[in-house]
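Worksheet for the structure shown next.
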Amino acid sequence: MDKVVVKIADYGIAEAPAILVTYGLGSCVAVALYDTETRMGGLCHIMLPSSAVARASGNPKKFADMCISEVLEDMKNRGCKVDRMVAKIAGGARMFDLPHKEKSSSIGERNRDAVLIELAKRRIPLIAEDTGGNHGRTVEFHTENGDMQVRSLRSGTKVI
Amino acid sequence: MRQLDEGELDFLRELSNIGVGHAATALSQLIGRQVGMRVPKVSIVDITSVPEIMGGSEKVVSGVYLQVLGDARGGILLIFPDDSSRALINLLLKGVEDPLSEMGASTLKEVGNILASAYLSVLGNMLDITLIPSIPSLAHDMVGAVIDIVLSDLGEIGDTAFVFETEFCDIKDDIKGHFFLLPDPESIDVIMKAIRSKNG
């Protein structure tokens, strides 16, 4: 079966029965967008919440807002419709305990929150998530059935 | 970020070489074995390629992260492959090797603290600036997840990062690690200014 590997600060798109995979998410968040009719999926590996607060822009795909806009545009061009889409997300951990650095919320939490805002803006329902904690995750998104498989070192594999 | 010329890069490389040399000496005293190091790289890297440098995003590692505080700021990340971190803990604790146990974790953090302090005190002395390591923090997980902490910091500033990287290894080849110093871009200027005032 086809496996499409999505690198950090990037996105990938695939049609059933291909699998989209992204490795080693810490504070990063993987966002899977799935058109239930075309069975096409898009997977983003985002690093940062928003292009608006960054000191410099650079590769837009590292930001939640920009990456989600770009993947949706790309999926629409391939025949997907946003109103048929559902989303699943994973990641957003706090890998290191840094009380003096992260006083209120960690970068992982901010990434998650930013993704939720972007999804809400477009009325894409978030149907499952596995976020937070202090462990890394590898995510496989199965376009065959819309399953998201989340693998971690300590707690094994789960499907959301 | 300002471009550095070849001479300035050479100087930084030399500086880092001396810093890591002291850190390697500290580690060899701690474990009672000779510790060698590769020639340090001072380079500007595409930050999204860092997981590959470390052997792939899913490789299990122990990472000790310390912030650099004082006149120049940044982060230090020490990465030990899983088997190296176990060998290191076992060598120091005789019989314990789990990096997730309380003793194991605090041992790794202490090693990180010693190496970072040795490195920063040399750098600070040579440049006449104050560099203080924060308390260390540990993560034992997939390398992709462990290095997110530095990637997201750097990613807020740009797509490329200025990285001082050195690989070190003990004489028996059981304990290997990567040492990364990631200065904040503003701190590069502080360091360069300090270099110039020393030279001129």
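In order, the protein sequence lines correspond to chains A and B. Quick note on this note's numbering: the first sequence kicks off at 7 and runs consecutively. Quick note on this note's numbering: the second sequence kicks off at 414 and runs consecutively. All C-beta atoms, glycine included, are put in the ideal place defined by N, C-alpha and C.
- With respect to chain B, the C-beta atom of Cys86 of chain A has no partner C-beta closer than 8 Å.
- Around the beta carbon of Asn117 of chain A, 16 or more other beta carbons lie within 10 angstroms, which makes this residue buried.
- Residue range Val448 to Met450 is occupied by the beta strand (DSSP E) that includes Met450 of chain B.
- Along the segment 549-595 of chain B, the alpha helix (DSSP H) occurs as fully enclosed runs of 4 or more residues at 556-559 and 561-568, listed in sequence order.
- Met7 of chain A is outside the set of residues whose beta carbon lies under 8 Å from a beta carbon in chain B.
- Only exposed fits Pro66 of chain A, as fewer than 16 other CB atoms lie within 10 angstroms of its CB.
- Annotation: the continuous alpha helix (DSSP H) that includes Cys73 of chain A extends over Ala70 to Asn83.
- Annotation for Ala485 of chain B: Ile542, Leu544, Pro596, Ser600, Val603 and Ile604 place their beta carbon closer than 7 Å to its own, counting only its chain and skipping 5 residues before and after.
- The residue from B:Leu425, B:Leu491 and B:Ala500 with its alpha-carbon nearest to that of Asp587 of chain B is B:Ala500.
- In this structure, the alpha-carbon of Asp495 of chain B lies about 23 Å from that of Ser530 of chain B.
- Assigned with DSSP and collapsed to three states, His435 of chain B falls in helix.
- For Val165 of chain A, the enclosing beta strand (DSSP E) has its first and last residue at Gly162 to Val165.
- The three-state reading of DSSP puts Lys127 of chain A in helix, counting H, G and I together.
- Put simply, of A:Cys86, A:Glu146, A:Val165 and A:Gly142 the residue whose alpha carbon is nearest the alpha carbon of Ser158 of chain A is A:Gly142.
- At a cut-off of 8 Å between beta-carbon atoms, Leu564 of chain B makes contact with chain A.
- Around the beta carbon of Lys507 of chain B, a 10 Å sphere encloses fewer than 16 other beta carbons of the protein chains shown; the residue is thus reported as exposed.
- Contacts with chain B at 8 Å (Cβ-Cβ) do not include Ala58 of chain A.
- Restricting attention to B:Leu490, B:Val474, B:Val481 and B:Asp561, the CA atom closest to the CA of Leu513 of chain B is found in B:Val474.
- The beta carbons of Tyr40 of chain A and Val77 of chain A sit no closer together than 8 Å.
- Ranked by Cα distance from Gly138 of chain A, the first of A:Ser33, A:Asp71 and A:Val145 is A:Ser33.
- Taking 8 Å as the cut-off, the beta carbon of Gly590 of chain B is found no closer than this to the beta carbon of Ser470 of chain B.
- At a cut-off of 8 Å between C-beta atoms, Cys50 of chain A does not count as an interface residue with respect to chain B.
- For a Cβ distance threshold of 9 Å, nothing in chain A lies close to Pro512 of chain B: the least Cβ distance comes to about 11 Å.
- At least one CB atom of chain B sits nearer than 8 Å to the CB of Tyr29 of chain A.
- With the criterion set as a beta carbon lying under 7 Å from some beta carbon of chain A, the members of the segment 458-484 of chain B are Thr461, Pro464, Ser470, Glu471, Val473, Tyr478 and Gln480, in sequence order.
- Remark: fewer than three beta-carbon pairs, one from each stretch, lie closer than 8 Å, so the segment 81-89 of chain A and the segment 144-161 of chain A are not flagged as touching.
- For the pair of segments examined, the segment 433-443 of chain B was found to touch the segment 516-534 of chain B: the number of CB pairs separated by less than 8 Å reaches three.
- From the beta-carbon of Ser550 of chain B, the residues of chain A found nearer than 7 Å are Phe102, Asp103 and Leu104.
- Nearest to Ser547 of chain B by alpha-carbon distance, out of B:Val559, B:Glu421, B:Val563 and B:Val481, is B:Val481.
- If you draw a 10 Å sphere on the C-beta of Ile584 of chain B, you find fewer than 16 other C-beta atoms in it, and that means exposed.
- If you check each beta-carbon in the segment 130-155 of chain A against every beta-carbon of chain B, the ones closer than 8 Å belong to Asn140, His141, Gly142, Arg143 and Thr144.
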